[in-house]
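Residue numbers (our numbering): 29 to 154. A virtual CB, placed ideally from N, CA and C, is assigned to each residue, including glycine. Predicted model only: the values in this text are computed from it and were never measured. Below is one structure, written out as structure tokens; the observations come after it.
Put into structure tokens, the structure is as follows:
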């Protein structure tokens, strides 16, 4: 599809990443504060549906929707087999921000694994 570098297509990919990462971080942040999932199917469903009333959860879900729109726009400009590897950057960004903002542990295995994924991205997009 693309014969030359498509700035708009790459902006759409960046927006997809931004909205995806924001949504994941906000959902994890808010769900960490509500405690464990209760036992029983009805209790689980009720618990999860109640989370929709949380404005932060709403922004996380809206962010997922916006990520989908940005991705659809990217697909009008770029080949899928070119664009999709960029989504692996979400691994790196989420890992970094979850350590910084959510104070999650970071192991050498996670760092090496993420670097391997990003190395694959670099190889695939050349």
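Residue closest to residue i, alpha-carbon to alpha-carbon, out of the options
i	options	result
residue 149	114, 49, 79	114
residue 60	131, 33, 146	131
residue 80	39, 96, 63, 55	55
residue 109	32, 38, 64, 153	153
residue 41	144, 95, 77	95
residue 125	57, 104, 136	57
residue 39	104, 77, 93	104
Classification of residue i by the beta-carbon crowding that lies within 10 angstroms, buried from 16 upward
i	result
residue 91	buried
residue 140	exposed
residue 133	exposed
residue 68	exposed
residue 142	buried
residue 47	buried
Sequence-distant residues of the same chain with beta carbon closer than 6 Å to residue i, five excluded per side
i	result
residue 122	49, 52
residue 85	58, 79
Whole-Å CB distance - residue i paired with residue j, under 8 Å assumed
i	j	result
residue 75	residue 83	About 18 Å; that fails the 8 Å criterion.
residue 118	residue 45	6 Å
residue 34	residue 89	At roughly 29 Å, the Cβ-Cβ gap does not stay under 8 Å, so residue 34 and residue 89 are not in contact.
Pair within 9 Å by beta-carbon distance, residue i and residue j
i	j	result
residue 98	residue 36	no
residue 145	residue 128	no
Residue i Cβ short of 8 Å to the ligand ADP heavy atom set
i	result
residue 140	Absence of the ligand ADP is noted for the structure shown, with no ligands found whatsoever.
Beta-carbon proximity list for residue i, same chain, < 7 Å, skipping 5 on both sides
i	result
residue 87	54
residue 138	123
Cβ-based neighbour list, residue i, same chain, cut-off 8 Å, excluding 5 preceding and 5 following
i	result
residue 72	65, 66
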